[in-house]
Structures are given as structure tokens and as C-alpha cells.
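There are 2 protein chains.
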Amino acid sequence: MTDTVGYCAAILTTLSFLPQAIKTIKTKDTSGISLLMYSMFTIGVFGWLVYGFLKRDIPVFVANLVTLSLAGIILTMKIKYK
Amino acid sequence: MTDTVGYCAAILTTLSFLPQAIKTIKTKDTSGISLLMYSMFTIGVFGWLVYGFLKRDIPVFVANLVTLSLAGIILTMKIKYK
């Protein structure tokens, strides 16, 4: 039951980053994105990834692995096309 | 050690939502915010809150409690001033 809640939460919070990632890849417009915010967020998500790994918490690990990829793409585009 | 990683991650991902929340409260400009994204995200964060509670995982619970408040404020502003 607990893991189901975790996976549902993971799907929702992860998917909510997809529109931003797709939009940024398509338009290459990153003017509305805060570099500081995304840098902090990306490092933080990496922290959650390590935390999920250390705690052997699969939903936390998987969710943050996908979110890290998406946030990483957005951050890379921001640095490349600013 | 594990909890320290969790708290550092929590502080980074939570703080990264502060600039957006402050900006939205100040300007009441929510035109650049996706209603679908924030709705999904807010429900997802609520899911993580329940997950953290069920797992007795303090860093996950606290991080998502603060993020839920910030995302909730942004979502409320979006619905009110759209």
C-alpha cells in the first residue's frame, strides 16, 4: 500500500516536469527559467537520489532518477542557450 | 548520515520553490505558470507527504509539507488571478 502511494506520487511529480522539458527542448527558450532555482533544484534532486539509494527506498530512487534527467536537460539547455 | 543527505536534499528542493512563490505573491502574475503542471505537482507532493508519513520518513515528510505549502500558494494564486 505504502509503495503504491509512493509510486503514484512519483508519477505525478515527475510527469509535471515533462511539459517544461518538452517546451524547453522544442523552443530552446529558457529566458523564463531561473538558473539559480534550477541549479539548486537539480543538486537537491541528486541529493534525494542518494538518499533513496542509501535508504533502499525504490519509489524515492526511481522518481528522483527520472526527475534528475528531466531537470538536467532543462538546466543544460539553460546554460547552453542563455 | 543518511538523514543528513535527506535534509540537505530537502532544503535544496524546497528552497528552489521559494523564488517562484515570492514572485507570484508579489506580482500576482501567473500567466507563465501551467495550471495542469502545478495541479499534478501539488497532488503529487501531497502523495509524497502521505508516503513519508506512512514510512515514518521524517526528511521526506517535512520536505513535502513545506513544498506543499509553497506549491499550494502558487496554485491558489493561479486559480484566483488567471
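The listed protein sequences correspond, in order, to chains E and C. Taking the numbering used here, the leading residue of the first sequence gets 3, the next gets one more, and so forth. Taking the numbering used here, the leading residue of the second sequence gets 3, the next gets one more, and so forth. From the three backbone atoms N, C-alpha and C, an ideal C-beta is built for every residue, glycine too.
Touch test, the segment 8-22 of chain C against the segment 32-47 of chain E, Cβ-Cβ under 8 Å, three pairs minimum: yes
Chain E within 8 Å of C:Gly46, Cβ atoms only: yes
First and last residue of the uninterrupted alpha helix (DSSP H) at C:Met3: Taken as a continuous stretch (DSSP letters only), C:Met3 belongs to no alpha helix (DSSP H), as it is neither H nor E.
Distance cut-off 7 Å: E:Leu72 Cβ against heavy atoms of the ligand GTP: The ligand content of the structure shown is nil, which means the ligand GTP is not present either.
Where C:Ser33 sits in the DSSP three-state scheme: coil
Whole-angstrom C-beta distance between E:Leu67 and C:Val7, which should lie under 8 Å: About 15 Å separates the two Cβ atoms, so there is no contact after all.
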